[in-house]
Each structure stands twice: as structure tokens, then as C-alpha cells.
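Sequence positions in the sequence shown follow the UniProt record's numbering and run 1 to 285.
These notes are about the structure you will find just below.
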Amino acid sequence: MTEVDEVARRTRRRRRRRDNPTGEMPLREHLTELRNRLLKSALAVAVGMVIGFLVYQPVMAELFRPVKEIASQGHTAAVAYDTVASPFDLMLKVSMFIGLILSSPVWLYQIWAFIVPGLKKAEKKYALGFIAAAVPLFIFGIALGWLVMPQAVQFFVGFTPEGGANLPTASVYISFVTRLYLAFGVAMVLPVLLVGLNMLGILPGRTIVHHWRITVFVIMLIAAIAAPGADAISMFYMAIPLVVLFGVAIVLCLWGDRRRDRRQGQREMDVEAELAAGPKPLDQI
């Protein structure tokens, strides 16, 4: 783009802002923008899916590794395919899942760019804060699930009766692994959700503190379900990050309560001062 084109583009942008200061768009332009962003997102997912095809074999080898280790210990365990076309179907599903993960920065940005023009300044600030905290925590949860997954498989296969065989289909096994990863990711985002509800005035921090026993029970339940281990120590190891995150969330919620109460008190004082001063003269209105 030449300097002349850049100047012309800026001039058109200033003219649009002058003619339409509120930034409102007709329905046709909204649909056009939505179509363009959907196309960009679909293209990014397609590129990620191609990469998923290329890394499919090493990824599946890593996912099947816990089952192979169980089989090497003398147990009857293997991942089976129930139909002739199952390997191909599974490759498509896994490649699509990998493509969604790899292309997530692109389609998340497209979603954000589509909705941000309709948000107010305060709403943009809250949304950016939520995304900045939730995305890294979700990725951290997925990584933690990846580390715990072999132990979880060992734990569940350990319930197989003596003389029995554990032969899950590949699709069932991959669904279990996927749910495990998502459970870890969502569990790590829950504290951020609590802070968001507190900022909206829906969930006071004092309510969370008052029901701290329920909070601790929920944390231990999430740790037991999402990260099962062969002993109680592993469950506590999985609960430690959640306890720390929930503790930070409670502190932030209490700080938000205090800040909200201070603002409310200041508003009440201003109203009382105006009432005490009486009505203003007409020449001061």
C-alpha cells in the first residue's frame, strides 16, 4: 500500500466517523463482515487440520502409550477398531480437533473482532481481562491433563477383574482422553468465572467465604473426578493448583466487594449532601 492509498484510507475512515459517529452498521454490512470472518476462521481451521494429518501418527502413539504400558505388564489391554472405516474416521476427528486447537488464536480473534465494536469501554476492559486470564489457565489445565492422563488410564484399568480384558474402541478411548483434557481446562477457568460474576455484582465474595466448606468440597470433587489417581496423594497434588487459584479468586472478590461498597457509600454521601444543600437557585441550574 502506497502512502497515497494510506492517506485516502484514513480520509475515508474519518469521513465515516463524521457521518456515523455512533459506529452503527446496517444489517447487510454485519452479515458481510460475519461471512468474511467465518471464511477466515474456516481457512485457518483447514490449515490446522492439514497439520493435524501430518502429526496424527506421533500424537496417536503418545495417546496409546498408557495402554501399551499396561499390556507390557501382563494385562490384557488394547485399543480396538470396531469397523473397517474406523481408523479413517478417527483420523478425521483427531485431525479436526488438532486443527481447532492450532487455529484457535485466529478464530478467537475473529470472534473478538466481530463483537468488540458493540461493547462499551468498561465491557471491553472486563472482556480483555477475562480472556487474558482464562486462556493461559485453560492451556495450563490442558497441559496438566496431558501429564495426568497415563495415571488416569492406569487407575481405571486397575478396576478390571482378574481374568478380564480391557479392549476399548479407539473412538471411546479418544473421547475419554478428550473429556479428561477439557475437564482440566474448564476446572482451571472456574476461578476466573467466579471473579467475573463478582465484577458483575452477581456473586459477592462474602457469599463464597461464608460457604467455604462447600467450595473446598467442590475443589476436592473436581480433583477426584478430573484427575483420578491410584492414591489420595495424587488427588491432593491435582487439588493444589485449584486451591491456590480459588484462594486468589476469593481475595479478588473480597477486594471487589470492598471497592463496590466504597463507591456505594460515596454515592450515598453525595446524595445526602445534595439534599442537605437544598434546591439550587434558578440562575445556577
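Built from N, CA and C at the ideal position, the CB exists for glycine as well.
Just so you know, these numbers come straight off a predicted model, no measurement behind them.
- Per the DSSP secondary-structure output, Ala77 pairs in a beta bridge with Asn166.
- Val248 and Ala71 have their C-alpha atoms spaced approximately 43 Å apart.
- Sorting Phe184, Met91, Glu162 by C-alpha distance to the C-alpha of Val55 places Met91 at the top.
- A Cβ-Cβ separation of about 33 Å leaves Val177 out of contact with Leu252 under the 8 Å criterion.
- When the beta-carbon positions are compared, Phe140 and Met188 come within less than 8 Å of each other.
- Pro66 counts as buried, since at least 16 other C-beta atoms from the protein chains shown sit within 10 angstroms of its C-beta.
- Leu167 places its beta carbon 8 Å or farther from that of Ala113.
- In the three-state scheme derived from DSSP, where H, G and I count as helix and E and B as strand, Lys121 is classed as helix.
- For Gly205, the uninterrupted alpha helix (DSSP H) run begins and ends at 205 to 210, by DSSP.
- Spatial neighbours of Lys93 in its own chain (CB-CB distance under 8 Å, excluding positions within 5 residues in sequence) are listed in chain order as Ser171, Ile174.
- Between Phe246 and Ile219, the gap from beta carbon to beta carbon is short of 8 Å.
- The beta-carbon separation of Trp146 and Val45, rounded to 22 Å, does not stay under the 8 Å limit for a contact.
- In the displayed model, Ala152 falls within a helix according to three-state DSSP.
- Classified as buried, Ile98 has 16 or more neighbouring CB atoms from the shown chains inside 10 Å of its CB.
- Contact check for Ala127 against Leu119 passes: the beta carbons are separated by less than 8 Å.
- Of the other Cβ atoms in all chains shown, 16 or more fall within 10 Å of the Cβ of Met49; this residue is therefore buried.
- For Val45, the uninterrupted alpha helix (DSSP H) segment begins and ends at 27 to 54.
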